[in-house]
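Everything on this sheet refers to the single structure shown next.
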Amino acid sequence: MVSMNVVLFISFLLFSVGVAGVLIRRNALVILMCVELMLNAANLNLVAFARHSGTVGGQAFALLVMGLAAAEVAIGLALVVALYRKKDTIQVDQIDLLKG
Amino acid sequence: MSMSAGELSAILPLLIPALGACLLPLAALDKDQETVKWVRGAMFFMALFCLAGGFFYVTRLWATGAQPSYGALHMDRIGQYAGIFVMVAAALAVLQLWDHLHQEGWVKGETLSLLLFSVVGMILFASAGNLILLFLGLELLSVPLYALTATVRLRARAFEGGMKYFLTGAVAASCFLMGSVLLYGVTSSLDLAVIGRALGAPRPDPLALAGAALVLMGFLFKISAVPFHQWTPDVYEAAPHPISGFMSVATKGVAVLAFMRVLGAGVPAPGSLRIQSALAVVAMATLILGNLAALAQTNIKRMLAYSSISHAGYILLGLVAGTPAAYSGVLFYLLAYLAMNMGAFGILTALGLVGDRTTFDQVKGLGWKRPDLAIAVTLCMLSLAGIPPLAGFYGKYMIFKELILQGHVSMAVVGVLASLVSVYYYLRLPVALFLEKPSEKAEREAAERPAIKAPLAGAALLVCGVLVVAMGLFPGTVYKVFALRVVENAFHFVR
Chain A
113 MVSMNVVLFI SFLLFSVGVA GVLIRRNALV ILMCVELMLN AANLNLVAFA
163 RHSGTVGGQA FALLVMGLAA AEVAIGLALV VALYRKKDTI QVDQIDLLKG
Chain B
-7 MSMSAGELSA ILPLLIPALG ACLLPLAALD KDQETVKWVR GAMFFMALFC
43 LAGGFFYVTR LWATGAQPSY GALHMDRIGQ YAGIFVMVAA ALAVLQLWDH
93 LHQEGWVKGE TLSLLLFSVV GMILFASAGN LILLFLGLEL LSVPLYALTA
143 TVRLRARAFE GGMKYFLTGA VAASCFLMGS VLLYGVTSSL DLAVIGRALG
193 APRPDPLALA GAALVLMGFL FKISAVPFHQ WTPDVYEAAP HPISGFMSVA
243 TKGVAVLAFM RVLGAGVPAP GSLRIQSALA VVAMATLILG NLAALAQTNI
293 KRMLAYSSIS HAGYILLGLV AGTPAAYSGV LFYLLAYLAM NMGAFGILTA
343 LGLVGDRTTF DQVKGLGWKR PDLAIAVTLC MLSLAGIPPL AGFYGKYMIF
393 KELILQGHVS MAVVGVLASL VSVYYYLRLP VALFLEKPSE KAEREAAERP
443 AIKAPLAGAA LLVCGVLVVA MGLFPGTVYK VFALRVVENA FHFVR
């Protein structure tokens, strides 16, 4: 039985890696992956909390989040691919038509 | 599994637009839809039909005073208000989309389908009674909007806007999720009412406060309040005009409603004080930055985007005041904002300004060609600026009055000063339309282009103009019938 604090710590670490990646990396795909890390950190927490409190709501929520994350990635990847076709780059600092 | 009539009536407002959204892509199966006018017409008719059906169903619920719920989905006054609000905004957007997409030469069934899905998500977001439905609503409203921003796939700008919206929105959604998870962890419950009570306890758990802060961030992102506003101008500029209008009105509106539900779920003094002071800081920053940045814009859409940021500030001021009267003031303000902002974005479609031709220079002197549209949009602009006999004035008046009664005089003063500044940039559009002369080059180009016909967008704009005046003439009636009833029936203030 892994203690609650260990799970919380790992989840916090995952979330921090995700946030740091979003802030530092400039590749749209990598940013997308970092967002997934953040979502999965939340999922890990959800399952741990559900087990800890003995309620099933959290586990249902975790399943739903997986589905939603997939839907989000589908839209995100479509946008990345389409943008790459137009601009030949997915570096977000080179995509700067809109300004002001 | 059977379902009682009450339960069915709680989810019908969601089912009707969802049904339309599921059927509309069938029209997109036709490969030659570009050439078949009746398919296009049928798609738009169907979208409008679903929205009208949902609208009439919700207004009937509203009139009978029934507040059904289905599990954690509460179609109470807040949910019904959201239904009416979103469906009117979406219907105005559909009317404008017909003309805008034809001007762009990019008429697709998916656009309408995505719009309807977003409508479903918005109503769900505002009527969710637990964290799961709240997050589901948030995603269902945002994901179609990412795609809608990039819907006119002819330009790289559209993709850039969609991409920026997607990346920032996904990060905000993950933070919102993490916040909800922490709240769940502390309270072991997904129910918003239980969580509200836990946050309102004299010494809330620090983990719960961290969770509340992350959830607050998600809401502020959707309301586009400073410092989570950077996406707004880029996304509004890139999206099709009617979609920008719809996003600015409906997303902000339902985010405020859902936020009110979370706040109004019984948060007494200590917890809410902390949230209140955070909200006060955000509201001040939003008002000042939104209004000052709007002054410097040369593009009408970017100006409107910063204006919508500043309006988020006024709405947040109402939440800071936090009394029942202030809440109903905010609800009135949202209705006024719906009419005036859909009108403001509507002029771009009605005048046929596609692509990047949305600068103030491009509309010079156009007011004399279409005086009816120009007068309607002038009314919307004056109302946005808060000039007295119009709808926007009464909304601001109600909020500022409550703010002063609660002792936040300095904030009210900043609010009034901000709306004085806003008069300058709102009047630039009427001035360009009526008083400035187009350059000779622009006139020559305009003569070469075919005449613009946008009957539906024009009609939508006129409706907005009439609504702005009507709400200004009869603010008391609108206030009593809509705003006050929500606050009386749906919130249980613990003070």
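One line per chain: the protein sequences are A and B, in this order.
All residue numbers for the first sequence refer to the working numbering, where the first residue is 113 and numbers rise by one.
All residue numbers for the second sequence refer to the working numbering, where the first residue is -7 and numbers rise by one.
Ideal Cβ placement from N, Cα and C applies to all residues, glycine included.
Cβ-based neighbour list, residue i, same chain, cut-off 7 Å, excluding 5 preceding and 5 following
i, result
"residue 411/B", "377, 378 and 388"
"residue 161/A", "170"
"residue 298/B", "225, 282, 285, 286 and 289"
"residue 339/B", "365, 369 and 453"
"residue 139/A", "202 and 203"
7 Å Cβ cut-off: residues of chain B touching residue i
i, result
"residue 122/A", "Within 7 Å Cβ-Cβ: nothing; residue 122/A doesn't reach chain B, min ~14 Å."
"residue 115/A", "Those within 7 Å of residue 115/A in chain B number zero; the least Cβ separation is about 14 Å."
"residue 143/A", "159"
Within chain A, the residues that residue i reaches when beta carbons sit closer than 8 Å
i, result
"residue 170/B", "127, 150, 153, 154 and 157"
"residue 153/B", "210"
"residue 124/B", "169, 172, 173 and 176"
"residue 145/B", "194"
"residue 131/B", "180, 183 and 184"
"residue 506/B", "Limits of chain B in this structure are -7 at one end and 487 at the other, which puts residue 506/B out of reach."
Contact set for residue i: own chain, Cβ-Cβ below 6 Å, skip 5 residues either direction
i, result
"residue 262/B", "Any reading at residue 262/B is ruled out, since the residue's pLDDT is 44, under 50, leaving its predicted position unreliable."
"residue 195/A", "none"
"residue 149/B", "230"
"residue 199/A", "none"
"residue 246/B", "74, 114, 117 and 118"
"residue 360/B", "none"
"residue 138/B", "154, 157 and 158"
"residue 136/B", "106, 109 and 110"
"residue 144/B", "96, 98, 150 and 232"
"residue 216/B", "224, 301 and 304"
"residue 323/B", "475 and 478"
"residue 253/B", "70"
Range of the contiguous alpha helix (DSSP H) that encloses residue i
i, result
"residue 69/B", "69 to 96"
"residue 155/A", "140 to 165"
"residue 432/B", "432 to 440"
"residue 39/B", "29 to 56"
"residue 160/B", "148 to 179"
"residue 115/A", "Element bounds for residue 115/A: n/a, residue is neither H nor E."
"residue 240/B", "From DSSP, residue 240/B is part of no alpha helix (DSSP H); its letter is neither H nor E."
"residue 445/B", "Unbroken run through residue 445/B: none, as it is neither H nor E."
"residue 364/B", "363 to 377"
"residue 393/B", "383 to 397"
"residue 115/B", "101 to 119"
"residue 289/B", "Residue 289/B -> no alpha helix (DSSP H), and no H or E assigned at all."
"residue 211/B", "198 to 215"
"residue 168/A", "Residue 168/A -> no alpha helix (DSSP H), and no H or E assigned at all."
"residue 551/B", "The structure shown does not extend to residue 551/B, since chain B is modelled only from -7 through 487, so no value can be given for it."
"residue 74/A", "Lying before the first or after the last residue shown, residue 74/A is absent from chain A, which here runs from 113 to 212."
"residue 122/B", "Careful: residue 122/B lies outside any alpha helix (DSSP H) and carries neither H nor E."
Under 8 Å from the C-beta of residue i: neighbouring residues of chain B
i, result
"residue 182/A", "Within chain B, no residue comes near residue 182/A; the closest Cβ sits about 11 Å away, beyond 8 Å."
"residue 133/A", "Per Cβ cutoff of 8 Å: no residues; residue 133/A is ~10 Å from chain B at best."
"residue 201/A", "The premise fails here: residue 201/A is roughly 11 Å from chain B at the closest Cβ pair, so nothing lies under 8 Å."
Listed by chain order, chain A residues near residue i by CB distance under 7 Å
i, result
"residue 158/B", "187, 188 and 191"
"residue 135/B", "183, 184 and 187"
"residue 349/B", "Ordered by position in chain A, no residue passes the 7 Å Cβ test against residue 349/B, which lies about 15 Å from the chain."
Proximal chain A residues relative to residue i, where beta-carbon distance stays under 9 Å
i, result
"residue 416/B", "Chain A residues near residue 416/B: none, gap ~18 Å exceeds 9 Å."
"residue 517/B", "With chain B covering -7 to 487 only, the question about residue 517/B has no answer from this structure."
"residue 138/B", "184, 187, 188 and 191"
Residue i: contacting residues in chain B (beta-carbon distance under 9 Å)
i, result
"residue 207/A", "148, 151, 152, 155 and 156"
"residue 147/A", "159, 162, 163, 165 and 166"
Sequence-distant residues of its chain with Cβ nearer than 8 Å to residue i (five each side left out)
i, result
"residue 465/B", "381"
"residue 127/A", "149, 150, 153 and 154"
"residue 143/A", "133, 134, 137 and 204"
"residue 320/B", "390, 471, 475, 476, 478 and 479"
Quiz prompt | Sufficient close CB pairs (3 or more, under 8 Å) joining the stretch 120 to 133 of chain A to the stretch 178 to 198 of chain A | solution = no
Quiz item: For the stretch 198 to 230 of chain B, which residues have a beta carbon sitting closer than 8 Å to at least one beta carbon of chain A?
Solution: 225, 226, 229 and 230
Self-check item: Residues of the stretch 174 to 200 of chain B with Cβ closer than 8 Å to any Cβ of chain A, in chain order
Solution: 174, 176, 177, 180, 181 and 182
Quiz item: Pairing CB atoms from the stretch 211 to 224 of chain B with CB atoms from the stretch 172 to 180 of chain B, are three or more of them under 8 Å?
Solution: no
Self-check item: Contact between the stretch 237 to 246 of chain B and the stretch 78 to 96 of chain B (3+ Cβ pairs under 8 Å)
Solution: yes
Quiz prompt | the stretch 310 to 322 of chain B in contact with the stretch 360 to 375 of chain B per 3-pair CB rule at 8 Å | solution = no
Quiz item: Counting Cβ pairs, one atom from each stretch, are 3 or more of them under 8 Å apart for the stretch 5 to 13 of chain B and the stretch 39 to 49 of chain B?
Solution: yes
Practice problem: Taking 8 Å as the threshold, find out whether the stretch 419 to 439 of chain B comes into contact with the stretch 340 to 359 of chain B through three or more Cβ pairs. | Solution: yes
Exercise. Taking 8 Å as the threshold, find out whether the stretch 176 to 188 of chain A comes into contact with the stretch 146 to 155 of chain A through three or more Cβ pairs.
Key: yes
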